[in-house]
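Using UniProt numbering, the first residue of the sequence shown is number 1, and each one after it goes up by one. All residues carry an ideal CB built from backbone N, CA and C; glycine is no exception. Here is the structure we will look at, set down as structure tokens.
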Amino acid sequence: MNEQHPLVDPVSPFGDIQVKRLDKELPMPHRAHGGDAGADLYAAHDVILRPGERALVGTGIALALPMGTVGLVHPRSGLAAKHGISVVNTPGTIDAEYRGEIKVCLINHDPEETFEVTRGMRIAQLIVQRVELVGFQEVEELDDTARGDGGYGSTGVN
């Protein structure tokens, strides 16, 4: 049983993710609701983000993700909508073999307001997903498709 949400058992064949708490005073990653995809990550230290500034913020945890999975760090919608705070490299990627502290590169998109990140604040969401570990093969030509090489803006706006 899930201790945070006793009525929700994890449905992943990978089971629970191993978490090393580098800062024991900070909470474990936590889902606000049992069916939420993202688990909140917390700031390990205070940071002042002036308009347009970015900062790398530690979370006080390290993970052991199973092979065949990836951790994706997404912005929190409330911070983005209310304060213009987002994750620079959305989503941030945590590879399965990485064992260091999870850090979040936050940016303040608000043109006027300074934002204060405080220790223990929920700053991002972690989503763990399966990933296909494919190889790459060089070829001289690619097969034809209806889209072809139509890229950015190729389908118009209406």
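The C-beta separation of Leu63 from Val19 comes to about 6 Å, placing the pair in contact by the 8 Å criterion. Val70 has its alpha-carbon roughly 10 Å from the corresponding atom of Tyr98. Taking 8 Å as the cut-off, the Cβ atoms of Ala39 and Arg31 count as close. Contact between Arg130 and Gly68 holds, with the beta-carbon distance rounding to 6 Å and staying under 8 Å. Here the C-alpha atom of Leu142 lies approximately 50 Å from the C-alpha atom of Asp46. Rounded to the nearest angstrom, the Cβ distance from Thr145 to Glu101 is 42 Å, too far for a contact under 8 Å. Relative to the Cα of Asp110, the nearest Cα in the group Lys24, Val104, Leu49 and Asp23 belongs to Leu49. Here Val57 is not near Val134, since their CB atoms are 8 Å or more apart. Beta bridge pairing from DSSP links Lys20 with Ala62. Proximity to Ser12 across Lys24, Thr114, Leu65 and Ile94 peaks at Leu65, based on C-alpha coordinates. For Ile107, the beta-bridge partners assigned by DSSP are Arg54 and Ser86. Between Gly120 and Leu26, the beta carbon gap of about 6 Å places them in contact (Cβ cut-off 8 Å).
In this structure Arg122 is in contact with Arg76, their Cβ atoms being roughly 6 Å apart against a cut-off of 8 Å. As the crow flies, the alpha-carbon of Ile17 is around 29 Å from that of Phe136. Counting along the chain, the unbroken beta strand (DSSP E) around Leu41 starts and ends at Ala39 to Tyr42. Close CB contacts of Ser86 within its chain, under the 8 Å cut and outside five residues either way in sequence, are with Pro75, Leu79, Ala80, Leu106, Ile107 and His109 (chain order).
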